[in-house]
Amino acid sequence: MFPDEEAPLPFALLDDPLAYILAANMRHRALCAMLRRIATERIASRLEADRIIACLTIEWPLHREDEGLDLFPSLRRRALPADELGVTLACLDAQHRRSAAMAEIIVEALSSRPADAVVPVDVRTSEVMQAYVANELRRIALENGVVLALAPIRLTRPDQRAISRAMKARRGVVDA
């Protein structure tokens, strides 16, 4: 069971970094569903816009760092040649970069009228939202299906503890 998609992920889940990353991916899928709907309807409530902005400017960059600075390098060190993980991780890195560029456009558009109760979404932003959703859903599928399936097999307990400590430090959580 995954935490409520509106509430922040519990810090206790950081003790199991792979579970935390999986839960973050599930929350991100829910965000993608919201973005897809907004892109279709071409309007967002201020609450929805603020939730998306927070996710794309706070949560998502932390998630990218969790993977890019800790999970992926640890897996690269532990993977066997037969895992052929290099291509997968390179693809995920490229998807992260594409999504980051699109996220900037989405945030700018949703931030443009902070006092308005509703935020209209123009055609260009709608198209960017749809492209972002498609890219992110592919990334999440690849990450969950390959990386997070292989990680518990290849990463040692000390590897996972080190990832957990780094993720906690990134969020200002004291490691007990």
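Going by the numbering used here, the sequence shown opens with residue 904, and the numbers climb by one from there. Cβ coordinates follow ideal geometry from the N, Cα and C atoms, glycine included.
For residue i, the three-state DSSP class (helix, strand or coil)
i              : result
alanine 947    : strand
valine 1024    : coil
glycine 971    : helix
alanine 910    : coil
glutamate 987  : coil
threonine 1059 : coil
aspartate 919  : coil
glycine 1016   : Rather than glycine, the amino acid found at residue 1016 in this sequence is arginine. In this structure, arginine 1016 counts as coil in the three-state DSSP scheme.
valine 1031    : helix
aspartate 1078 : coil
alanine 927    : helix
methionine 904 : Because methionine 904 sits at a pLDDT of 30, beneath the cut-off of 50, its placement in the model cannot be relied upon, and the following sentence gives the value as read from the coordinates. Looking at methionine 904 - three-state DSSP - the assignment turns out to be coil, as it is neither helix nor strand.
alanine 1065   : helix
Neighbourhood of residue i by C-beta distance below 6 angstroms, restricted to the same chain and skipping five residues each side
i           : result
valine 1049 : Thr991
Span separating the alpha-carbon of residue i from that of residue j
i             : j               : result
arginine 1001 : proline 964     : 13 angstroms
proline 1017  : isoleucine 1043 : 30 angstroms
alanine 915   : alanine 982     : 28 angstroms
leucine 1013  : isoleucine 946  : 10 angstroms
proline 911   : cysteine 935    : 17 angstroms
alanine 997   : leucine 978     : 17 angstroms
serine 948    : serine 1015     : 13 angstroms
Same chain, Cβ closer than 8 angstroms to residue i, five either side skipped, listed in chain order
i              : result
methionine 904 : For methionine 904, the pLDDT reaches just 30, beneath the cut-off of 50, and the residue's location in the model is therefore unreliable, although a value from the coordinates is still provided. For methionine 904, where only same-chain residues beyond five positions count, there are no Cβ hits under 8 angstroms.
alanine 1072   : Asp1078
Residues of its chain near residue i, where Cβ-Cβ distance is below 7 angstroms and the 5 sequence neighbours each way are ignored
i           : result
leucine 938 : Ile955, Met1032, Tyr1035, Val1036
> Below 8 angstroms, can you find three or more Cβ-Cβ pairs linking the stretch 935 to 946 to the stretch 1027 to 1035?
Replying inline: yes
> Does the stretch 1008 to 1017 come close enough to the stretch 967 to 985 to have 3 or more Cβ pairs within less than 8 angstroms?
Replying inline: no
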